[in-house]
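Please read the structure below before turning to the comments.
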Amino acid sequence: MSSTELTLDNREIEFALKEWLHIENLSKFERFKDFDVDTIDLLVKEGHKFALEVMYPSRSEADRTGCKLENGKVKVPACIHEPYKKAYELGWASLKANPEFGGQGAPQILGMALSEGIAAANLGLSMYFGLTEGAAHLIEVFGTEALRQKYCQRMYTGEFLGSMCLSEPHAGSDVGASTTVAEPTGDGRYKIKGTKCWISGGASDLGKNTIHTVLARIKGAPEGTRGLSLFVVPTLHVADNGSVGESNDVEVASIEHKMGINCSSTCVLNFGENNNCYGWLLGEEGKGMANMFQLMNEARMGTATIGLALSSAAYQNTLDYAKERIQGSHINNMREADPPKVAIIEHPDVRLNLLNMKCRVEAIRALLYASADLLDISMASDNEKEKEEAEGIIQMLTPMCKAWATEVGLDVVRIGIQVLGGVGYTKDFPLEQFYRDLRITAIYEGTTGIQALDLIGRKMTMKNGAYFMLLMGRFGKMAEENSGHPVVGPIVQNWIQHCETLSEMAMGVQEVMTTRGMEGVALYATPFLMYCSSVTAGYFLLQQSIVVAEKLEALKAENNIGADQYKAFLKTNSDALFYDNKLKTISYFVDVVLPQFESLLTIAKKRNFSPLDISL
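All residue numbers for the sequence shown refer to this note's numbering, where the first residue is 2 and numbers rise by one.
Here is the structure:
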């Protein structure tokens, strides 16, 4: 495989889905009864084929062409029109959507596995799919039957696109400062007036219309987020039969010229400049922020998936390059008169970088796939206890997934560029675009700092800390049952030390509150989130290690492999080699990478409040 092409880690994805999580078990739920193992295999194979053959060829051209604003209309790169159309025709863009409105109703984890390929192939294009599905789902859940019938199927099939409109020029993360207003007209409609910015997919020429979900304050409503309501605001009016009419007074003021995701149109939108923009209420008045959180949480998991998709693609690309690139001689032979040249994968520093990439990618995948599996259980299970526990752990995992997957994903791509050297900095290889495209993910849908505050200030205190204790309880069960495991026991024992550190830091929050108040807790929130996330990812990797150890022992027994035959066996049995490599990867993550995240807590352990005290 050429290092300028896109490679997907199919063996690792197959292991996670089938050998670890046993995704076929989801078919026992009525909701997912049609997704047996053969169906899932086919969907993953064909979905990744679509990503590689249809979407990926447009990646570079779409990035370099970007979007243009001409006479108030946004034109996206011509090369993404056909992939966009085919994605909806073949069902890949609405795989998880409700079958009632044209979707396939697939499990979240299957959607995530396919998104690994689709987002890596062309992230900017894939964003239109995710935003439209999220906006349509808001209408499906909170809209009237008339709104659902008018918009959902047309959005899930790509005829209309969708967006989420929260940010304003003076109200980014502080959504409650929004000044966009909604005035009831007395006939069920509201006049909308205001400006929204940083609106991904705010306008394009990919479909007939863009349907916006807009947060606005009804006149007389309280200040802050509790006064916000959620509205459906089409760019063009839509008749009951779905035909598109005149402008709804939604205008594109400008588009952003960004570092990455250049074929995703990021717009500044003016609503009601001519006092003729109308919206329809979604849900109850004053519940807009609560309702919008449905889309925000979906978007946060979608953003986390981008971290996985691009970091995995970066690792695969870097691995291919390291095997191809002949440079220098092996360090053991450097003193020879004319030592043979070797591929750079033979150099120790390159191998160290590759393993640092590999273990991080597999940890991200473990964290995200486990979260998606729990999300499917929370939606489909009839067992109330199972459902409630899954929902509680998902509350804890969502900010971890969003923040950790994107921050660590960025680090993976950075390492990859370092391995490629100068060529990694050029547009001839995909890593520089991966880095530019991925950089925004640690910012939007709530920055890493906001996710940290959400974890430590909200999720860990929910139900008097019940969700946090539920997660820690599962950690404890892992420790109790597997610390004496003949193969992975030493890795588990090492990981237990980090669980103890995590528990101590969590318990120390109240002490910090007493001495420095909430600002002291907030100061440590991001390092705590990064460490908590890495310990949690380690927990899911340990689940995998137990599966791997059993599979490997079974292969050795089946083939009568003794200790003296083991190395030779690995050269001839690809499954054994995969399992052996995975054990080494997990051991490295726990032994070497986890302490790196623990070191981020130095400021908290030292109770150093200098950032709060210094005069800057």
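Think of the CB as a built atom: it goes at the ideal place given N, C-alpha and C, for glycine as much as any other residue.
Taking 8 Å as the threshold, find out whether the segment 189–197 comes into contact with the segment 114–122 through three or more Cβ pairs. Short answer: they don't touch.
Exercise for review: Give, in chain order, every unbroken run of the beta strand (DSSP E) that is at least 3 residues long and sits entirely within the segment 127–202.
Suggested key: Counting only runs of at least 3 residues, the segment 127–202 fully encloses the following beta strand (DSSP E) elements, listed from N- to C-terminal order: 161–166, 182–185, 191–201.
field: Cut-off 7 Å between Cβ atoms - residues of its own chain near residue 2, not counting five sequence neighbours on either side
entry: With a pLDDT of 47 at residue 2, under the threshold of 50, the modelled position of this residue cannot be trusted; read the value that follows with caution. The residues are 8, 321.
message: Taking its Cβ as the centre, do 16 or more other Cβ atoms sit within 10 Å of residue 434, making it buried, or is it exposed?
response: Residue environment for residue 434: buried (at least 16 other C-beta atoms within 10 angstroms of its C-beta).
Considering only residues of the same chain and omitting the five flanking positions on each side of residue 387, which have a CB-CB separation below 7 Å?
Within the same chain, residue 387 has close Cβ partners 378.
Using DSSP bridges, identify the partner residues of residue 69. Under DSSP, residue 69 takes part in a beta bridge, and its partners are 76.
Roughly how many angstroms separate the alpha carbons of residue 110 and residue 367, rounded to a whole number?
Approximately 11 Å, taken between the alpha carbons.
Problem set entry | Simplified DSSP assignment, three categories, for residue 118 | Residue 118 sits in a helix when the DSSP states are folded into three classes.
In chain order, what residues of the same chain lie with their CB nearer than 8 Å to the CB of residue 169, ignoring the 5 residues before and after it?
-> Non-local beta-carbon contacts of residue 169 in its own chain, meaning distances under 8 Å to residues more than five positions away in sequence, involve 178, 179, 180, 181, 195, 196, 197, 198 in chain order.
So residue 417 and residue 439 are supposed to be a Cβ contact under 8 Å. How far apart are they, rounded? The pair is not a contact, with the Cβ atoms about 11 Å apart (cut-off 8 Å).
Quiz prompt | Pairwise C-alpha distance: residue 563 and residue 569 | solution = Approximately 10 Å, taken between the alpha carbons.
Checklist line | Under the three-state DSSP convention, the category residue 305 falls into | finding: Helix, per DSSP.
query: Does the beta-carbon of residue 123 have 16 or more other beta-carbons within 10 angstroms, so that it is buried, or is it exposed?
result: Sixteen is the threshold: when 16 or more other Cβ atoms of the shown chains lie within 10 Å of the Cβ of residue 123, as they do, the residue is buried.
**Study point:** Alpha carbon of residue 95 to alpha carbon of residue 158, nearest angstrom
**Key:** For residue 95 and residue 158, the distance between alpha carbons rounds to 7 Å.
- Task: Going by DSSP, name the residue or residues bridged to residue 248.
- Result: 237.
Item checked: Rounded Cβ spacing between residue 489 and residue 546 (contact assumed at less than 8 Å) -> Beta-carbon to beta-carbon, residue 489 and residue 546 are separated by about 5 Å, close enough to satisfy the 8 Å threshold.
Quiz item: Are the Cβ atoms of residue 141 and residue 149 separated by less than 8 Å?
Solution: Contact: yes.
Q) Alpha carbon to alpha carbon, how far is residue 401 from residue 558? A) Rounded to the nearest angstrom, the two C-alpha atoms are 39 Å apart.
If you scan the segment 542–587 from start to end, which runs of the alpha helix (DSSP H) of 4 or more residues do you find wholly inside it?
Correct list: 567–573.
List the whole-angstrom C-beta distance separating residue 224 from residue 73, where the pair is believed to meet the contact cut-off of C-beta under 8 Å. Contact flag wrong, Cβ pair sits at about 33 Å.
- Just curious, the alpha helix (DSSP H) that residue 372 is in, first and last residue? Residues 349–381.
task = In the DSSP assignment, find the unbroken beta strand (DSSP E) run with residue 280 in it and report its ends.
result = Per DSSP, residue 280 belongs to the beta strand (DSSP E) from 279–283.
In angstroms, rounded to a whole number, what distance separates the CA positions of residue 511 and residue 517?
Each residue's Cα considered, the two are about 10 Å apart.
On the CB-based measure, 16 or more other CB atoms within 10 Å of its CB, does residue 336 come out buried or exposed? By the 10 Å Cβ count, residue 336 comes out exposed.
Label residue 592 either buried or exposed according to how many other C-beta atoms from any shown protein chain fall within 10 Å of its C-beta, with 16 as the threshold for buried.
Exposed, by the Cβ-count rule.
| request: Could you give the DSSP three-state label for residue 601: helix, strand or coil? | output: Here residue 601 sits in helix by DSSP.
Next item on the list: Return the chain-ordered list of same chain residues with a C-beta closer than 6 Å to the C-beta of residue 623, the five sequence neighbours on each side being excluded.
Entry: Since the first residue shown for the chain is 2 and the last is 617, residue 623 is missing from the structure and cannot be characterised.
For residue 475, report the span of its beta strand (DSSP E) as first-last. Looking at the DSSP string, residue 475 is not in any beta strand (DSSP E); the run it does join, the alpha helix (DSSP H), is 467–483.
Discussion item. Please classify residue 249 as buried or exposed, where buried requires at least 16 other C-beta atoms within 10 Å of its C-beta.
Written reply: Buried, because 16 or more other Cβ atoms sit within 10 Å of the Cβ of residue 249.
DSSP on residue 105, reduced to helix/strand/coil?
Correct three-state label for residue 105: coil.
For residue 359, which residues in the same chain have their Cβ closer than 7 Å to its Cβ, ignoring the five residues on either side in sequence?
These residues qualify, in order along the chain: 316, 586.
I believe residue 214 touches residue 283 by the beta-carbon criterion, under 8 Å. Please report the beta-carbon distance rounded to the nearest angstrom.
With a beta-carbon spacing of about 7 Å, residue 214 and residue 283 fall inside the 8 Å limit used to define contacts.
DSSP three-state call for residue 342: helix, strand or coil? Correct three-state label for residue 342: strand.
When you compare only the Cα positions, how much space is there between residue 428 and residue 61?
Rounded to the nearest angstrom, the two C-alpha atoms are 8 Å apart.
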